Structures are given as structure tokens and as C-alpha cells.
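These notes concern the structure reproduced below.
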Amino acid sequence: MKVLELNNVHKVYNTTHVEVHAVNDVSLEFEEGEFAAIVGPSGSGKTTLLNMIGGLDMPTDGQIMVNSTDLSTLRSSAIIDFRMRNIGFVFQSYNLIPVLTAKENIEFIMNLQKWPRKKRDDRTLELLKAVGLEDRIHSRPSQLSGGQQQRVAVARALASKPRFVLADEPTANLDTKSTENLLDIMEKLNREENITFIFSTHDARVVKKARRVITLEDGKVVSDEKKE
Amino acid sequence: MITKTAWKNVWRNRIRSLVVVASVTVGIFAGVFAVGVMNGAVDQRLDEVLDNEVAHIQITHPDFRTNNDLTFKIDDVNEIVEHISGLENVDAVCDRLFVVGMANTARKSTGVHIIGINPEKEKEIFGLYKELEPGTGDYFSDPEREELAYIGFDLAKNLNIIRYQINDEIIEELRSAELPDDILSEISEFNGERFENEMSFKKAMRTVMTVKQESEYGRLILDKAQTFRERAKFTLTFVNRSNHQTGGVFRVGGIYNIPNSMFESSQVFVRDTILRRLIEFPENTAHQIIIRLYDVDDTREMTRKLREDFPELEVLNWKQIQPDMAMMSDFAGIMYGFFMALILAALAFGIVNTMLMVVLERTKELGMLTAIGMNKKKVFRMIMTESVFLSLTGGVAGMIVSWIIIRITSTRGINFGSMEEGFEAMGFSSQIYPDIGIDFFMIVTLLIILTGILSSVYPALKALKLDPADALRTE
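If you read the protein sequences in the order shown, they are chains A and B. Under our numbering, the first residue of the first sequence carries the number 29, and numbering increases by one thereafter. Under our numbering, the first residue of the second sequence carries the number 26, and numbering increases by one thereafter.
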């Protein structure tokens, strides 16, 4: 089932005297349960594309359809609500709330969605087990390693069972062991929960795990390979 | 969850938050305690006015108050008093004679108001008899002695009825009161000497004491050294009903001491029987009818009723007789609220500054929160809650400290002895017992919450303007 569709998407930044085409006429489709990596050199438009898919940024031209909803037709408050219900985010620098414990960070989004306590607790525990951190439930981010923090961030992204997870360079700050561990967890959750994962990365280890690799150069898609 | 996160966020930068909390605590304490002292002073003054000076309602001839001419009298006083006594809400009623005259001793004379009273009835309305300075008399306790007068402490000083002396007994008393030995030995030089008035005594003391010693122990020495000329004689002169100069020799039957030097130096109380005879006034007449109610809150209604019952007389309540006091009493609450609002407004700038720092420091985190779906309303609420917590923590701490200090000082009192003369000239006691109602604490709590909310508006709006994509790129 198609969950995401990009039609002739452009993003132009107007800097002083110069127009920069960060994303240039990109058209893509994503099916439910994909595990896709967007790769390309720095400045190729990966993060801009991911931001537009996540509704954090709007295209200058073109259309982004998520579950048949055109994001550009939504008001800003509706986009925030849309993100909360449909998209999970994983950031390069984890971005956990430092004053909250692992459990509280994970259930934050469920709280925003007013999930009942029991359901919230069950889901949090399920995710903590899935990312192998059930023994760090009450640890704050400062008490966790980088890899552990990113695993909590992945659990948070999946907490409210979104349609898809957008991960911007999720392994950039991790060592090899933590990267492999994180990728295994994400792949497992992708398969178990059938949630679409889209990464921006230039990490070869992520590319190797991805089942679809989209390559961007100067804002344009230069290749789109699906692995069997 | 937002509330819990906001509370945890307050303590993210512990030192900075503690500095803000401490400044709010100090500000609130200063404000609440100052209001407690002011309120205590106003309440004491009000009690003084009602209990010793004015009571709740006074009735006079319509022209009497303008020029205090004794011919403007109330006739059929007994019937009027009986009628008023029968009214619901009336605790006690008495009538008085009132004459303007002169009090004279061999050395001094001064203008006074001579008030003819029935001492037993007066006791039902005024508490002035309780303010008797020990050892000066017994407040008209002997019904046979018509010549006794009850005078104020300041008048006694003015008439040189109070003298000062140093003797062995006083030196021993001062030693027991722990007066330092060096001062004791200095003032022993004056053992056996008597001084006619306070000024000459103080002058003598200054020759043996430093300014610091005087400010520290002067009051104590003055209090111990004062002696009263028992049953001291003085004359009161005035004009009678026929406009002839008259008067009588009186003896001091007691000296009252209240924190109102103006009242003390001008009001002389004598038995109404002797004054009536001296001014040749007929029975069943008086100049003033004084009324005390069970509840001061009934004053306005009772004034209205008495005006209806006695349209030919002037009926004034304490607020009309002492408008300055009424204004103080009526506007005190507004004044205190305004005072606290000013303090909180100053504190608000500190809170705004802190919250702006918070937004600046957490730009990336706020971007992340918006990205994962925290809407603007919730971001605003989180920052506002944080600001309210910050101000309320300091506010509650400040109120607890104030409450404890006010509780302690409300029983012990605070002595502004060095400013006694100034206080008493305005009718205020220099011993102030701070007092504050629970309702004021509730108002302050609301003001603190309001300050927290208002202080958060600008920083929260700044947070709402953040673009999540830009905010996430912030390092």
C-alpha cells in the first residue's frame, strides 16, 4: 500500500542575490513497510527532503501526499497534529528531553495523544524491551551512552505507532557496534510493526542494511534502487 | 505530563533557578512583612480611635462641632439615651459635657478640652481607664472625691506634674534592668537630684552619656526616673453658660498613657457632676452622646437610623469624625495590593529575563518538541507553567518566611522606640504588632500566579515563532 508520494517537488532557498535549488523536481513513492535510505554527499538535499516529507518545511513547488493527504493543504496546527499521529522522528543528536527518564521520553508523545495510562505503560515497556533497555527505564539521557540514547529515540519515534519514521543521519554520532545494534533493532521493528523507515545517511553500514537506496545529487534523484 | 516536565525544567539549571527563587522570596517577604507592619499599625490606630477616642457614633447639637460653644447643647438627654440603649445592635450609650478651657499649674498653662463624664458609664464604651499609668491614681474610684481629674501623660509632662529624679532605689532598678556599670556609675553622680521636666533631665544625662548610650539606654533611664506628684493640684479655667469666667481646682486622679500625644496633651476628664455645676448647666442636658455598637460593621446602618430618629441633631460616625482614619482603613487593602503589585512587577523583569534565556538555550529542544507533534498551545502552556512554578516557588517560600516572622512579631511587637515621638504625634504607637489576614495571602498568591503568567507571555511568544526545521539545525 502506498503511504507516501512526492510529485515534482522543488525547494528553492533565496539567499542574497542567489537562488539555491536544494531539492529539484523530485518524484518518489514509498510503500508501507519500506526500509529506505536517502544517500548523497553533503548539501545534496537529503535533510531538506526529509524535512519536507515530515511537514517541517514546505516545498516551493510540487506536491507531497501522505495517505492521500496533500500536506500543503493543511494549516500549520493541522500539520503539527498530523506529524504527531503519523510520523516518528529520529535525529542525529538524539534530542531526548534531558530532564525526563527513558520511560518518560518514550511516553511523552503518547501523553500528548492522551493515551490511557495502562496502554501507555504497556507500550513503553514493550518498546524498551524491543530496544534492549528495559533495565534503564528510569535512567535519564545523561546516564545513557550515545547508542542507548539513540535507541530510546527510536523507541520514542515508534511509540504512537506512526505510519512512518524519518531518521536524519541516525548513526552519525555512533560507533560501529552501536550502529549495528541500532540498525538491527530498527530493522526488527520495521518488520514486526510494518512501519516505513526512511533514513538520510551517508553511512555505508546503513546503506548496506537498507532495502531501497535513493541517491540524491544537487537536489535531484540520480538513482533509486530496490534490493531483493 | 506538561506540568511534570515544566517542574523538572525549572530545576534544569539549579543555580539560576535558585537565584530567581531567592529574589522572589526576598521580594515577597519584604512586601508582605512591610504590609504586615503597616496593617498592624493601621489596625492598632483604628482600635485606638474606636476604643479610646471616638467610639462608633457621636450625637451633638448641629452647631456644636463647628465652634464647640457650650450653649449648643442636647436637651432631654436621658430620654434620648434611653431610646438609643433600647435599639438592637447598640452595646452601650453615655453622654458627656464638653468645655474648652485652660489647665494651669504654678509654672505652666495650656489649652485643653475638659470632658465631663460619668466614669462608670464611660467604662462601658471606652477602654481609656485601662491605660492608667501605674502609681498615678485610680481613675475616679472614690465617688466622694469630685475634684479628681484623669489627664494624659503628655499634659502631665507639659504641666510639670511628672518629674524626674535619681535615687538609690532607681539606681538599683536600673542595675536589675542590666544597665551597664559604667553608665550606672556616671548617672550615680545625680543621686538625690530632682529635675522639673524631661528636658532638664535629658540635658543632665547628656553630660555623662554618649549619643550612642543615650539612644540605647535613654528611654529606660527616663522611664525609671520619672516620678509623679501624687494628687498634684492644678486648675481648670473656662467660661460658664452665662459667659462668665469660672473654674476650679482639681487634683490628678490618674494619668493615662496612649500612643497619641495630641489626645494626651489636650483631653482632660472630670466628673460630669462637678463640671455641670461649674458651667451652671441644667440636668438632663449634655454636649455629646457617645454610642458603642456590638459590631463596627453596623455603623453605617445605625448612623442612618439615628439620623431618622433625631433629625434635629447631628449624628456622625467615626468615619465622618476621623476621615483620615476612615480613608486609611478603607483604602488600606487597595494600597497594600498596589504595593505588592509594584514589587512583583519589578520581580517580573527578572523572571522574563530568565525565561528568555530558557527559550534561547532550548531552541533545539523546542524545535524537536514541535517536530514530534507538540502543538503551539502546549508549548505555550509548558513555558507558562514553568514561569508560574518559578515565581510561585519563590512566592510560597517568601510567604512562609513572612508568615513565620509576622507570627513571631505579632505577639512580641516591633519597637520603633527611637521614632516614638514622631509616631505618637501621628497617633500611632511606636510598638507595632504586625498583622495580616489570610485573605491578603490569597491575594498575593493570585498576584504571584498572574506575575508568572504575564512574565511568560513574551518568552513563550518567542518560542512559538521558532521554525522547527531551523530550530533543529541549532547547535
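Each residue gets a CB set at the ideal place from its N, CA and C atoms; glycine is no exception. Since we're looking at a predicted model, the values are computed, not measured.
**Q.** 3-residue-minimum beta strand (DSSP E) runs that sit fully inside the region 323-392 of chain B, ordered along the chain
**A.** Qualifying beta strand (DSSP E) stretches, in chain order: 339-342.
Q. Which same chain residues, not among the five before or five after residue 477(B), have their C-beta less than 8 Å away from its C-beta?
A. For the purposes of this step, residue 477(B) is identified with residue 452 of the second sequence, where counting begins at 1. Excluding residues within five positions, the ones whose Cβ falls inside 8 Å are 376, 409, 412, 413, 414, 415, 416 and 417.
Q.
Given a cut-off of 8 Å on the beta-carbon distance, is the pair residue 484(B) and residue 392(B) in contact?
A. On the second sequence, position 459 is the one that residue 484(B) refers to. On the second sequence, position 367 is the one that residue 392(B) refers to. Not in contact: residue 484(B) and residue 392(B) (Cβ atoms no closer than 8 Å).
Q) What does a CB cutoff of less than 7 Å around residue 195(B) pick up in its chain, not counting 5 residues either side in sequence? A) To locate residue 195(B), count along the second sequence from 1; it is residue 170. Only 249 and 250 meet the Cβ criterion.
Q. What residue from 257(B), 233(B) and 256(B) has the CA that sits closest to residue 246(B)'s CA?
A. Within the second sequence, residue 246(B) is the residue found at index 221, counting from 1. Comparing Cα positions, the closest option is 233(B).
Q: Compile a chain-ordered list of the residues in the region 75-90 of chain A whose CB is closer than 8 Å to at least one CB of chain B.
A: 79, 82, 84 and 85
Q.
Against chain C, does residue 103(A) count as a neighbour if the rule is that its beta carbon must be under 8 Å from one of theirs?
A. The question asks about chain C, but that chain is absent: this structure's protein chains are A and B.
Q.
Tell me the DSSP secondary structure of residue 130(B) in three-state form.
A. Here residue 130(B) refers to the residue found at position 105 when the second sequence is read from its first residue. Three-state result, residue 130(B): coil.
Q: Given a cut-off of 8 Å, decide if residue 138(A) and residue 185(A) are closer than it, judged by their beta-carbon atoms.
A: The sequence position of residue 185(A) within the first sequence is 157, counting from 1. The sequence position of residue 138(A) within the first sequence is 110, counting from 1. Cβ distance not < 8 Å, so residue 185(A) and residue 138(A) don't count as in contact.
Q: Can you tell me which of the three DSSP states residue 176(A) falls into?
A: Here residue 176(A) refers to the residue found at position 148 when the first sequence is read from its first residue. Reduced to three states, the DSSP call for residue 176(A) is helix.
Q. Nearest chain B C-beta to residue 109(A) closer than 8 Å, yes or no?
A. Numbered from its first residue, the first sequence carries residue 109(A) at position 81. Chain B contact via Cβ: present.
**Q.** Delimiting residues of the alpha helix (DSSP H) encompassing residue 193(B)
**A.** Taking the first residue of the second sequence as 1, we reach residue 193(B) at position 168. Element bounds for residue 193(B): 193-201.
Q | Interface partners of residue 137(A) on chain B, CB under 9 Å | A | By 1-based counting over the first sequence, the position of residue 137(A) is 109. Chain B residues near residue 137(A): 397, 398 and 399.
Q. In three-state DSSP terms, what is residue 448(B)?
A. Taking the first residue of the second sequence as 1, we reach residue 448(B) at position 423. If DSSP states are grouped into helix, strand and coil, residue 448(B) belongs with the helices.
Q: List the endpoints of the continuous beta strand (DSSP E) containing residue 483(B).
A: Residue mapping note: residue 483(B) aligns to position 458 of the second sequence, counting from 1. Unbroken run through residue 483(B) is the alpha helix (DSSP H), 463-489; no beta strand (DSSP E).
Q: Give every residue of the same chain whose Cβ lies closer than 7 Å to the Cβ of residue 369(B), excluding the five residues on either side of it in the sequence, and list them in chain order.
A: Numbered from its first residue, the second sequence carries residue 369(B) at position 344. Result list for residue 369(B): 472, 473 and 476, in chain order.
Q | Within-8 Å CB hit, residue 30(B) to chain A | A | Residue numbering aside, residue 30(B) sits at position 5 when the second sequence is read from its first letter. It does; some Cβ of chain A falls within 8 Å.
Q: Answer yes if the region 113-125 of chain B comes into contact with the region 333-346 of chain B, meaning at least three C-beta pairs across the two stretches below 8 Å, and no otherwise.
A: no
Q) Is any beta-carbon of chain B found at less than 8 Å from that of residue 127(A)? A) As a working note, residue 127(A) is residue 99 in the first sequence. Chain B, which has a Cβ nearer than 8 Å to the Cβ of residue 127(A), makes this yes.
Q | Distance, residue 39(B) Cα to residue 77(A) Cα | A | For this step, residue 77(A) is matched to residue 49 along the first sequence. For this step, residue 39(B) is matched to residue 14 along the second sequence. When rounded, the distance between both Cα atoms is 39 Å.
Q.
Alpha carbons only, please: which of 170(A), 207(A), 136(A) and 34(A) is nearest the one belonging to residue 394(B)?
A. Working through the second sequence from its first residue, we reach residue 394(B) at position 369. Residue 394(B) has its Cα closest to that of 136(A), out of 170(A), 207(A), 136(A) and 34(A).
Q. Are three or more beta carbon pairs between the region 372-389 of chain B and the region 342-362 of chain B nearer than 8 Å?
A. no
Q) Of all the CB atoms in chain B, is at least one closer than 8 Å to the CB of residue 140(A)? A) Here the question's residue 140(A) lines up with position 112 in the first sequence. At least one chain B Cβ lies under 8 Å of residue 140(A).
Q) Would residue 225(A) count as contacting chain B if we go by Cβ distances under 8 Å? A) The sequence position of residue 225(A) within the first sequence is 197, counting from 1. Chain B contact via Cβ: absent.
Q: At 7 Å on the CB atoms, spell out the chain A contacts of residue 493(B), in chain order.
A: Counting from 1 along the second sequence, the entry for residue 493(B) is found at position 468. Within 7 Å Cβ-Cβ: 84.
Q) Applying a beta-carbon distance threshold of less than 7 Å, which residues of chain A neighbour residue 34(B)? A) Walking along the second sequence from the start, residue 34(B) turns up at place 9. Ordered by position in chain A, the residues that pass the 7 Å Cβ test against residue 34(B) are 127.
Q) What is the C-beta distance between residue 431(B) and residue 61(B), in whole angstroms, given that I count them as a contact (C-beta under 8 Å)? A) One-based indexing of the second sequence puts residue 431(B) at position 406. One-based indexing of the second sequence puts residue 61(B) at position 36. Correct: roughly 5 Å between the Cβ atoms.
(Q) Going by C-alpha to C-alpha distance, which of 59(B), 180(B) and 295(B) sits closest to residue 171(B)? (A) Your numbering for residue 171(B) matches position 146 in the second sequence. Ranking the options by Cα distance to residue 171(B), first place goes to 295(B).
Q: Kindly indicate which three-state DSSP category residue 104(A) falls into: helix, strand or coil?
A: As a first step, residue 104(A) is located in the first sequence; it is residue number 76 there, counting from the start. Here residue 104(A) sits in helix by DSSP.
(Q) Rounding to the nearest angstrom, what Cα-Cα distance links residue 145(B) and residue 166(B) in this structure? (A) Counted from its first residue, the second sequence places residue 145(B) at position 120. Counted from its first residue, the second sequence places residue 166(B) at position 141. C-alpha separation (whole angstroms): 9 Å.
Q) Short check: CB of residue 77(B) to CB of residue 156(B), under 8 Å? A) In the second sequence, residue 77(B) corresponds to position 52, counting from 1. In the second sequence, residue 156(B) corresponds to position 131, counting from 1. Yes. Within cutoff.
Q. How would you write the range of the alpha helix (DSSP H) that residue 155(A) sits in, first residue to last?
A. Position 127 of the first sequence, counting from 1, holds the residue named residue 155(A). Unbroken alpha helix (DSSP H) run through residue 155(A): 145-158.
Q. Below 8 Å between beta carbons: does that hold for residue 82(A) and residue 58(A)?
A. Looking up residue 82(A) in the first sequence gives position 54. Looking up residue 58(A) in the first sequence gives position 30. In this structure, residue 58(A) does not lie closer than 8 Å to residue 82(A) by Cβ.
Q. Going along the chain, which residues of its own chain have a beta-carbon closer than 8 Å to the beta-carbon of residue 115(B), five neighbours each way excluded?
A. Working through the second sequence from its first residue, we reach residue 115(B) at position 90. So the list reads 109, 316, 317, 318, 319 and 327, once near-sequence residues are dropped.
Q.
Using 8 Å as the cut-off, can you tell me whether the region 270-290 of chain B makes contact with the region 236-243 of chain B, which would need three or more C-beta pairs spanning the two stretches below that distance?
A. no
**Q.** From 325(B), 407(B) and 305(B), residue whose alpha carbon lies closest to that of residue 264(B)
**A.** Translated into the one-based positions of the second sequence, residue 264(B) becomes position 239. Selected option, being the one with the closest Cα: 305(B).
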